[in-house]
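Its first residue numbered 1, the sequence shown is counted upward by one per residue in the numbering used here. All residues carry an ideal CB built from backbone N, CA and C; glycine is no exception.
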Amino acid sequence: MTNEDGAREITTKQVALGVTGGIAAYKAVEVLRELQKAGCRVRVCMTARACEFIRPLTFRAISGDHVVTDDYAPENPDPIAHITFSQSADLLVVAPATANVIAKFANGIADDFLTSTYLASTAPVIIAPAMNTTMWQHPATVRNLERLRADGVRIIEPEAGIMACGTTGPGRLADPQLIVHAALELLEQHGSNPLNDLAGERILITAGATREEIDPVRFLSNRSSGRMGFAIAEQAAARGAEVTIVAGVTSASIPAGARLLRATTAEEMRASVMRELRGATVFIGTAAVADYRPVNRAAEKIKKRDEQFTLTLEPTPDILAEVARTRHEGLLVIGFAAETTDVVQHAREKLERKNLDAVIANDLTADGAGFDVETNVITIIRRGDATPLALPLMSKLKAASRILDEITALRAKRFPSVTSEISRPA
Ligand code: PMT
1 MTNEDGAREI TTKQVALGVT GGIAAYKAVE VLRELQKAGC RVRVCMTARA
51 CEFIRPLTFR AISGDHVVTD DYAPENPDPI AHITFSQSAD LLVVAPATAN
101 VIAKFANGIA DDFLTSTYLA STAPVIIAPA MNTTMWQHPA TVRNLERLRA
151 DGVRIIEPEA GIMACGTTGP GRLADPQLIV HAALELLEQH GSNPLNDLAG
201 ERILITAGAT REEIDPVRFL SNRSSGRMGF AIAEQAAARG AEVTIVAGVT
251 SASIPAGARL LRATTAEEMR ASVMRELRGA TVFIGTAAVA DYRPVNRAAE
301 KIKKRDEQFT LTLEPTPDIL AEVARTRHEG LLVIGFAAET TDVVQHAREK
351 LERKNLDAVI ANDLTADGAG FDVETNVITI IRRGDATPLA LPLMSKLKAA
401 SRILDEITAL RAKRFPSVTS EISRPA
């Protein structure tokens, strides 16, 4: 089912909201309200420490439901609440998630209501960590988060900024709107994609920035975080595709469900892509590949001098153009274009010059678009289609979903005979 914007509508709306003990606990109220506004029924549970930051009564008043804080409390209307609670939820959202609850989830410890709910639930899980920067960066937390990612938990990374404790750095709870966006998207994926509409597709995606060394300590690179490519990978895997990512340097969370190969330079990325390409049915180039590299990499660190210094550069291989040039029957080739002026025109030129099926233009001048942010403003330009599809600001996950919708449409239009082969079970 779709709405007037062409996006899929959500039909599944039972959300369990877990609140843990951090200063950001009060922001869970906004998460609750926004989920309700989107039509979700939200039931709240709180850890004992969360109740020291905000009273359960606040959540009870807004949710209209009993707030569970303790499985064994006599006032709890349900004798096996964590089972009932977890099994009636279509999604578990934990915001804020402390280092402590992350560690417990990662290790299967179930010593209170929320952690028992986590273990007893088969619903998808989103956690939005919030904590002091040192705790966020501690190897134990990093390790626990990696484990949760591998378990399929979606992590909405904290923002950087001034913390309640006076320090500055990453650790502040992500914007509640972003948490709600992600929650609705996950509900949408799990609620309205029973079709597995990308089953049989083998999607090869480049993501992140390449890095071209100047000397042992310096390099040329860019600000790509990998978020856009990883969002496409995550969504495609959730829709049944087999996904391989060739990633350069990235700072975003690695998505669950995809195979990840690493490459540092444009040349390494090219080699990896060309090796993987044979089995692919779709290629999507989201990576920000360096266009130039130094002709010579200095073996020793280049010494600082007081006169001007000239670095001679040469073009790197154009991976996207080579993929399109050597494409096999049935391969769809999708490029990205990061532009600051005449966005659609420049993107269309790339589509023609590189012989692509579609190009996704990012307007880098638009607020919330482009590099190293959770959102994007994209225009989808399809070969032979005079009218580009300009989309408003949306999360990269949502943008990914729209791009994949276009790919399914392109598949049916460009290679109808291949469609039946692709969707035939192996
Ligand atoms: O990673 P994020 O922080 O989420 O940011 C996402 C993004 C802005 C990097 C992404 O959405 C994006 O626009 N990627 C392409 C950026 C870019 O380098 O654009 P371009 O116009 O220079 O390249 C056009 C296309 O050719 C791209 O698909 C690129 O992957 C590809 N290319 C470019 C040069 C090269 N040597 N080889 C290539 O394959």
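- [ ] Assuming residue 17 contacts residue 28 (C-beta within less than 8 Å), just tell me the rounded distance between them.
- [x] 6 Å
Open item on the list: Given 6 Å as the limit, tell me if residue 348 has its C-beta closer than that to any heavy atom belonging to the ligand PMT.
Closed with: no
- [ ] Apply the 10 Å Cβ neighbour rule to residue 328 and answer buried if 16 or more other Cβ atoms are within range, or exposed otherwise.
- [x] Exposed is the call here.
- [ ] Report all residues from its chain with a CB closer than 6 Å to the CB of residue 288; omit the five preceding and five following residues, and keep chain order.
- [x] 209, 222, 224
TODO: With a 10 Å radius around its C-beta and 16 neighbouring C-beta atoms as the bar for buried, classify residue 253 as buried or exposed.
DONE: buried
TODO: For residue 211, collect the residues of the same chain with a Cβ closer than 6 Å to its Cβ; drop the 5 residues on either side in sequence, then sort them by chain order.
DONE: For residue 211, where only same-chain residues beyond five positions count, the Cβ hits under 6 Å are 219, 221, 249, 264.
Task: Spatial neighbours of residue 272 in its chain, beta-carbon cut-off 7 Å, leaving aside the 5 residues before and after - done: 246, 261, 263
Task: the ligand PMT heavy atom lying under 6 Å from the CB of residue 355 - done: False, no ligand heavy atom lies under 6 Å from that Cβ.
Task: Through-space distance from residue 82 to residue 67, alpha-carbon basis - done: 12 Å
Open item on the list: Please report the distance separating the alpha-carbon of residue 234 from that of residue 397.
Closed with: Between the alpha carbons of residue 234 and residue 397 lies a distance of about 8 Å.
- [ ] Note down, one range per segment and in chain order, each beta strand (DSSP E) of at least 3 residues found wholly within the stretch 141–186.
- [x] Whole beta strand (DSSP E) segments, 3+ residues: 159–162, 168–172.
Task: Three-state secondary structure assigned by DSSP to residue 3 - done: Confidence in residue 3 is poor, its pLDDT being 42 and thus under 50, which makes the residue's placement too unreliable to answer from.
Open item on the list: I need the boundaries of the alpha helix (DSSP H) containing residue 29, first residue and last residue.
Closed with: 28–37
- [ ] List in chain order: all unbroken alpha helix (DSSP H) runs of 4+ residues lying wholly within the stretch 49–133.
- [x] 50–53, 56–63, 81–87, 99–107, 113–120
Open item on the list: Looking at the secondary structure, which residues open and close the beta strand (DSSP E) in which residue 284 lies?
Closed with: 282–285
TODO: Assuming residue 377 and residue 366 form a contact by the criterion Cβ under 8 Å, report the distance between their Cβ atoms to the nearest whole angstrom.
DONE: At roughly 4 Å, the Cβ-Cβ gap stays under 8 Å, so residue 377 and residue 366 are in contact.
Open item on the list: Give me the residue from 405, 38, 399, 361 with the minimum Cα distance to residue 187.
Closed with: 38
Task: Alpha-carbon to alpha-carbon, residue 226 and residue 266 - done: 15 Å
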